[in-house]
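Below is one structure, written out as structure tokens, with a few remarks after it.
Protein chains: 2
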Amino acid sequence: MARKAGSHAEITGPKVREEALRLFAQYGYAAVSMRQIAKHVGLQAGALYTYTPDKQALLFDLMRDHMQKVLSGLEDLPEGGPVEQLEWMVRYHISYNLSHKDGVFINYMELRNLSEENHLEISRLRGVYEDAVEAILIAGQERGLFQIPDTRLATMAVIAMLNGVNTWYRESGRLSLERVEQIHWNMVRRAVTGS
Amino acid sequence: MARKAGSHAEITGPKVREEALRLFAQYGYAAVSMRQIAKHVGLQAGALYTYTPDKQALLFDLMRDHMQKVLSGLEDLPEGGPVEQLEWMVRYHISYNLSHKDGVFINYMELRNLSEENHLEISRLRGVYEDAVEAILIAGQERGLFQIPDTRLATMAVIAMLNGVNTWYRESGRLSLERVEQIHWNMVRRAVTGS
DNA sequence: GTCTATAGTACGATAGAC
DNA sequence: GTCTATCGTACTATAGAC
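Protein chains in written order, with our numbering: chain A, -3 to 191; chain B, -3 to 191.
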């Protein structure tokens, strides 16, 4: 297909999202201007509006895409007992988050910059993830494998602990990813089973 | 002392800080304007500069004050064994954070909006807190009370888990503060001792 | 699809009156 | 200590040319 010089929709669209994600994660949604995003993509600011109706929609799309990818990864949850499933969840959560730091970060930090409608949808998706974790804890509790006084609180505590990894882990650091996963699994296992 | 009408330094100064803290926590530093702060205090924007050299200094002062209060609370750490000290830390962390939500929140969210120099100082203060927690874990490890493969990782994991409470706890909710503290202490104890 | 140009608004910070 | 007024700059978003 013949195409005008400077027309690169298939490349430019993803690049806009990529740069926006990076810049939002680094400086925060409110602190990043459309001009700044455009500059990093190699466009004038006005041209961004070919790819997003406005700045808010750009943020929302990035956050929703992140959550949808996180949730679709849950389809690989292995069959088996709650203990095996919980270990898989711990490792999946840590490794997915570490390989998608920017997405994780904006989903944490930018909730308050969403419109009310968009906020509701992202919170809903987050709830689906929390429910998936809690379902494992409930199953283990019912079979007497776990000793958990409150499965919802335990769910939030486990997720919070695992989220913490992203704040300090460095690939060049002292501990390998496998070791970090393993130590966290040990702590989570002991926290929910007492053994 | 006679005083001009509208002169209220002793009242206005704290009120500026109070409103700034509230607004920064609610909307984010970058999204809040000096005009907005002034309006909530009952001033014109220019008058704010009687109380802070600029917006950045206002943020930094709020964050530093929060960390200094958190750290000065550590002076009440009871003498005794590592297990008793760790329980105290868990309860202190949860209850202090829940009673100073806005301060906790901006110290989490606004690090990236600090100048490099200010960022260094806040990170240093945070490090002092982390070191205090780790010292307890190290003491327990040395006495054979804890079984922790890596005390630094365990420190970060415990702090992350406890920080999570602020994201979901509501006073009007299902669980009392005491119960939340107690359940978390149980999980932390089991995570570090395996019993 | 991207550009230039711009409308309309808001920002942080300062100057000088009172 | 607070006000009014304002400087200089930056913002989101749109219009119209190519």
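Quick reminder that beta carbons are idealized off the backbone N, C-alpha and C, glycines included.
If you're wondering where the values come from, they're calculated on a predicted model, not measured in any experiment.
For this session: Rank A:S111, A:E112, A:R148 by C-alpha distance to the C-alpha of A:D127 and give the top, closest one.
Result: A:R148
Problem set entry | Straight-line gap, A:L110 to A:A53 (C-alpha atoms, nearest Å) | 9 Å
For this session: Would you kindly work out how many angstroms separate the C-alpha atoms of A:N162 and A:I90, rounded to a whole number?
Result: 8 Å
Problem set entry | Rounded separation between B:L67 and B:H36 - CA only | 30 Å
Problem set entry | A:T189 to A:E83 span [Cα, whole Å] | Looking at the two C-alpha atoms, the distance is approximately 13 Å.
Exercise. How would you list, in chain order, the residues of chain B whose beta-carbon sits under 9 Å from the beta-carbon of A:G99?
Worked result: Chain order gives no chain B residues near A:G99, where near means a beta carbon separation below 9 Å; the closest approach is about 17 Å.
Problem set entry | Three-state secondary structure (DSSP) of A:V37 | Three-state result, A:V37: helix.
For this session: Taking only beta-carbon positions, decide if B:S191 is within less than 9 Å of chain A.
Result: For B:S191, at least one C-beta of chain A is nearer than 9 Å to its own C-beta.
Problem set entry | Neighbour list for A:P145 in chain B, Cβ cutoff strictly below 7 Å | I179
Exercise. What are the boundary residues of the alpha helix (DSSP H) that A:V184 is part of?
Worked result: Where A:V184 is concerned, the enclosing alpha helix (DSSP H) stretches over 173 to 189.
For this session: Given a cut-off of 9 Å, decide if A:M30 and A:E106 are closer than it, judged by their beta-carbon atoms.
Result: no
Problem set entry | Contact between the region 151 to 158 of chain A and the region 152 to 171 of chain B (3+ Cβ pairs under 8 Å) | In short, these stretches touch, since the Cβ pair count reaches three.
Problem set entry | Touch test, the region 41 to 50 of chain A against the region 68 to 81 of chain A, Cβ-Cβ under 8 Å, three pairs minimum | no
Problem set entry | Whole runs of the alpha helix (DSSP H) within the region 58 to 145 of chain B, excluding any shorter than 4 residues | 78 to 95, 97 to 105, 112 to 138
Exercise. Exposed or buried, which one is A:M(-3) when buried takes at least 16 other CB atoms within 10 Å?
Worked result: Note that A:M(-3) scores a pLDDT of 47, beneath 50, so its modelled location is shaky and nothing firm can be said.
Exercise. In the structure shown, what three-state DSSP assignment does A:V161 receive?
Worked result: In the three-state scheme derived from DSSP, where H, G and I count as helix and E and B as strand, A:V161 is classed as helix.
Exercise. On the three-state DSSP scale, how would you describe A:V28?
Worked result: coil
Problem set entry | Own chain, CB closer than 6 Å to B:W181, minus 5 neighbours either side, in chain order | E83, V86
Exercise. Nearest to A:W57 by alpha carbon, out of A:P10, A:A41, A:E174?
Worked result: The sequence given here places Asp at residue 57 of chain A; Trp does not occur at that position. Nearest C-alpha to A:D57: A:P10.
Problem set entry | Beta-carbon contacts of A:V100 that lie in its chain and below 8 Å, excluding the five residues immediately before and after | In the same chain as A:V100, and ignoring 5 residues on each side of it, the C-beta atoms closer than 8 Å to its own belong to H62, N93, N159, N162, in chain order.
Problem set entry | Closest residue to B:E130 among B:E174, B:P78, B:E6, B:Y165 (Cα-Cα distance) | B:P78
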